[in-house]
Amino acid sequence: MDLALYTIEDGADQAPRVTQSALPPLEVIADLHVFYAPLLSIESKGVTLARGRVEPGVEVPPHAAGSRYIALVVSGTGLLTLMRATVDVPETSLAYQPGTLIDFPPNARHGWINTGPEPLEWIGLDLGA
């Protein structure tokens with residue numbers, strides 16, 4: 000996915016100005032087989048916008064976040080598996096594709112299976128980091 004990050008600010012003369020920032024590189028979260036990077040944070044609100052990627056054919060093991068997380072799939076196809084809180088056996092699954100928007104409540108145990116030929120890529124909003 001091609002992303003560009005722009006910040007709009009008021010200059011000293013009150014005229015708006017636009018600044019492009021370099022995106023942070025994706026870093027591997029080894030135990031999840033995920034590449035991930037925060038894009039920007041609003042610390043006072045506990046909100047972080049991030050991006051992630053899972054390579055084709057990779058299965059992300061069950062995991063959960065302690066806060067609400069919203070993910071927008073921008074590329075890739077496969078299955079999101081959902082588990083009970085204490086058992087890592089899929090209870091149900093959801094097929095994802097570009098345009099799928101998923102709202103995870105805190106502590107929702109889930110995994111990803113990228114069954115398609117291209118990377119699974121998403122933009123995520125962590126509401127309570």
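Numbering follows numbering that gives the first Met the number 0, with no gaps: position 57 of the sequence shown is 56.
Just so it is clear, CB atoms sit at the ideal spot from N, CA and C, and this is done for glycine as well.
| Item | Value |
| --- | --- |
| Beta-bridge pairing of N113 - partner residues as DSSP gives them | G77 |
| Contacts around E90, its chain only, beta-carbon distance under 7 Å, and the 5 residues preceding and following it disregarded | L81, M82 and R83 |
| Cutoff 7 Å; reference T114; Cβ partners in own chain excluding five residues on either side | T76, G77 and L78 |
| Nearest-angstrom Cα separation, counted from S92 out to P37 | 27 Å |
| Among P97, A107 and A3, nearest to L39 - alpha-carbon criterion | A3 |
| Rounded Cβ spacing between A49 and Y35 (contact assumed at less than 8 Å) | 6 Å |
| Assigned exposure category for L119 - 16 Cβ within 10 Å defines buried | buried |
| Three-state secondary structure assigned by DSSP to E90 | strand |
| Buried/exposed call for R16, threshold 16 Cβ in 10 Å | exposed |
| Bridge partner(s) assigned by DSSP for M0 | Partner(s): none; M0 has no beta bridge. |
| CA-to-CA distance, D9 to V59, given in whole angstroms | 42 Å |
| Beta-carbon gap between D125 and S66 smaller than 8 Å | yes |
| Neighbour-count burial assignment, V88, 16 or more Cβ in a 10 Å radius | exposed |
| Option in T99, N106 and Q96 with minimal Cα separation from Y68 | N106 |
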